[in-house]
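First up is the structure itself, then whatever we jot down about it.
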Amino acid sequence: MSHSLDRFEVPTYNFASRLYDPEKASHSRPFGKGQDPVFFLEKPLPGFAHALSEEDIVTVLKRVPKEDIAGVKWVMQLQPTKKQEKIESAWATYYWDLNVGRETGEAIALYATNPASVFEWSSSLTPDDRRELERLESEGHTIEHHARGYRIHIKKEAVRNTQRRSLLHEIGHHVDRKRGVARFEAGSSMEKELFADRYAARYLDSLR
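With the numbering used here applied, the sequence shown corresponds to residues 503 to 710, in that order.
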């Protein structure tokens, strides 16, 4: 997994066709009516699992003001590709200009994880990395410190805690962008992450 919730750039590959493939996408439906997001769940590969249930996701969405998720067209649970696992690993991603079929819109993706995975971090951590490491440990992941850095053993229930935070974090990016597209796109990664972290922290307590 990435050191922060969305450390890597938005991937350039196109997974839209997978979402309309009945052999891969188990279902898709609106959360509610009108402008509510559409929910996609892609079947995970053997060994992988989606940590959040549909009920979990709906519970998170109901904790934030309805206007905060206005404009999010899709909330997706996807199977990461091999490239994502090795190079672009992340708990979740916010897409602000995603093409799905003939539609374009904003989306939040949560990724299936392998509960047996172990991730290595180097000992050279930024202050933000250290804060993220502390959050991961508080959420139930096992953190092992060794000579060259840190080894993170993930657990399914811990991933559930982390991805609820991740979902709030990505909604925070959406809210931040809605405050002004030009300002958001010109802002630094540090500024964006700080806003999204603060947004997630504001609503996490209500989920616990």
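Where is the CB? At the ideal position from N, CA and C, for every residue including glycine.
- When rounded, the separation of the alpha-carbon atoms in serine 691 and valine 677 is 15 Å.
- Per DSSP, asparagine 663 is one residue of the alpha helix (DSSP H) stretching across 658-680.
- The criterion of a C-beta distance shorter than 9 Å is satisfied by histidine 655 and valine 620.
- When the alpha-carbon of histidine 552 is set against those of Pro582, Glu569, Ile571, Pro539, the nearest one is in Pro582.
- Secondary structure note for arginine 653: its beta strand (DSSP E) is the uninterrupted segment 651-655.
- Residue environment for asparagine 663: buried (at least 16 other C-beta atoms within 10 angstroms of its C-beta).
- Isoleucine 645 counts as exposed, since fewer than 16 other beta carbons sit within 10 angstroms of its beta carbon.
- In terms of Cβ geometry, glycine 607 and valine 566 do not form a close pair [threshold 9 Å].
- In the structure shown, the three-state DSSP call for glutamate 641 is coil.
- Every unbroken stretch of the alpha helix (DSSP H) spanning 4 or more residues and falling wholly within the stretch 546-629 is given here in chain order: 556-565, 568-571, 584-588.
- Alanine 611 and arginine 667 have their C-alpha atoms spaced approximately 13 Å apart.
- Taking the Cβ atoms as the reference, isoleucine 673 lies roughly 11 Å from isoleucine 559, outside the contact range of under 8 Å.
- A Cβ-Cβ contact shorter than 9 Å links glutamate 544 with methionine 578.
- For a cut-off of 8 Å, the C-beta gap from arginine 650 to serine 624 is around 7 Å, short enough to register as a contact.
- Nearest in C-alpha terms to alanine 702, of all of Trp593, Val683, Leu669, Lys694, is Leu669.
- With a 10 Å radius around the Cβ and a threshold of 16 neighbouring Cβ atoms, alanine 614 comes out buried.
- Between leucine 600 and tryptophan 576, the C-beta gap is smaller than 9 Å, which places the two residues in contact.
- Exposure of valine 683 is indicated by the presence of fewer than 16 other C-beta atoms within 10 angstroms of its C-beta.
- Beta-bridge pairing by DSSP links valine 683 to no other residue.
- Take the alpha-carbon of aspartate 707 and the one of glutamate 695: they are about 19 Å apart.
- Buried is the label assigned to histidine 675, since at least 16 other Cβ atoms lie within 10 Å of its Cβ.
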